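Inspection log for the structure reproduced underneath, given as structure tokens.
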Ligand code: SF4
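Numbering (the numbering used here), first residue to last: 1 to 293.
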């Protein structure tokens with residue numbers, strides 16, 4: 001498995017990747033549609049190094065990976081999941097500790113979703129991978145009274161956790177990034193009445209599963225750039241609700257707000273990251289936290 005197998009050797013190589021991965025769905029980012037030029041590709045080594053360093057520091061700071069871990073990576077075929085696999089693979093080869101990486105893709109049955117494409121890429125890179133069928137499309141159609149996205153995430157989580165537990169994986173790595181953490185923090189405040197976000201490491205109550213988010217301190221724009229420069233084979237999710245559900249439109253609203261604020265506060269995201277790591281419990285209104293400072 002060579003490092004260059006992800007990397008576009010040339011702009012014409014880039015075109016071949018794009019042709020192999022249709023970009024007709026809203027999950028596919030418009031910027032990925034144009035192949036990079038040779039001049040664009042010069043930015044890749046520095047970007048990769050920056051992201052690798054960021055993920056490495058995050059793993060170390062939050063104790064995300066330990067010697068002997070068997071890690072299951074959720075691979076949807078989106079840019080973030082490919083970046084997670086690529087960066088963890090690269091760190092694994094350099095790490096002084098030993099850990100295993102296995103890919104898993106949940107097939108929700110949405111028309112047009114192609115999990116076999118993900119399986120092919122994993123096979124070519126010698127990464128163990130499995131597709132788990134989960135009839136989410138059917139369930140969403142049968143129970144229109146239930147909020148589809150809530151049902152979908154619950155179901156995906158259940159399938160993932162059961163598979164990890166049954167097959168001896170002690171960690172599940174997900175591709176959420178800093179923008180996801182910030183948007184979730186704001187969504188929970190604006191619509192949920194609570195101050196919380198996605199944790200970088202969370203062990204289930206029964207201790208059977210630990211979810212880790214090694215990209216949690218990486219900005220989405222860097223991951224988008226990485227996906228574009230390296231030509232990750234983006235697999236559209238095929239969900240008819242993608243971009244159209246209430247949750248998705250709220251998230252889009254919050255994303256636009258953050259982007260607007262960032263125009264006048266360039267350091268906004270990293271300041272928010274710092275804030276999430278520096279909570280003054282006694283200066284909030286939750287009596288359960290009053291004693292924490
Ligand atoms: S938009 Fe579709 S794939 Fe995404 S969470 Fe909602 S139901 Fe699931």
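In this text, a Cβ means the ideal position worked out from N, Cα and C, and glycines have one as well. Since the structure is predicted, the reported quantities are computational estimates derived from the model, not experimental observations.
For residue 184, the uninterrupted alpha helix (DSSP H) segment begins and ends at 178-192. Cβ neighbours of residue 216 within its own chain (closer than 7 Å, five residues either side excluded): 58, 176, 177, 178, 181 and 200. In this structure the segment 155-172 lies against the segment 61-78, because at least three pairs of beta carbons, one per stretch, are closer than 8 Å. Within its own chain, the residues whose Cβ lies closer than 7 Å to the Cβ of residue 62, once the five positions on either side in sequence are excluded, are 200 and 201, listed in chain order. Residue side-chain check: residue 174 keeps its Cβ at 7 Å or more from all non-hydrogen atoms of the ligand SF4.
Residue 103 is bridged by DSSP to 73 and 129. Cα atoms of residue 135 and residue 163: separation of roughly 15 Å, rounded to the nearest angstrom. Residue 244 carries a coil assignment under DSSP once its states are collapsed to helix, strand and coil. As the crow flies, the alpha-carbon of residue 142 is around 34 Å from that of residue 195. With a cut-off of 7 Å, the C-beta of residue 149 is classified as near the ligand SF4, since at least one heavy atom of the ligand falls inside that distance.
DSSP, read as helix, strand or coil, puts residue 65 in coil.
Scanning 167, 205 and 239 for the CA closest to the CA of residue 78 turns up 239. Not a single heavy atom of the ligand SF4 lies less than 7 Å from the C-beta of residue 218. Cβ contact annotation for residue 251 (same chain, cutoff 7 Å, sequence separation greater than five): 183 and 187, in chain order. The three-state secondary structure of residue 146, taken from DSSP, is coil. A direct Cα-Cα distance of roughly 10 Å separates residue 257 from residue 263. A distance criterion of 7 Å places the beta-carbon of residue 146 beyond contact range of the ligand SF4, judged by its closest non-hydrogen atom. Distance from the C-beta of residue 245 to the nearest heavy atom of the ligand SF4 is below 7 Å. The beta carbon of residue 81 is closer than 6 Å to those of 75 and 175 in its chain, skipping five residues each way along the sequence.
Judged by DSSP secondary structure, residue 39 falls within the alpha helix (DSSP H) whose first and last residues are 38-41. Shortest gap from the CB of residue 61 to any heavy atom of the ligand SF4: 7 Å or more. The C-beta separation of residue 226 from residue 49 comes to about 11 Å, leaving the pair out of contact by the 8 Å criterion.
For residue 100, the closest alpha carbon among the candidates 133, 124, 249 and 65 is that of 65. Sequence-distant partners of residue 148 (beyond 5 residues in either direction) whose C-beta falls short of 7 Å from its own C-beta, in its chain, are 140, 241 and 245. Within the DSSP bridge table, the entry for residue 211 names 172 and 202 as partners.
Sequence-distant Cβ neighbours of residue 110 in its own chain, meaning closer than 8 Å and more than five residues away, are 136, 137, 237, 238, 239 and 240.
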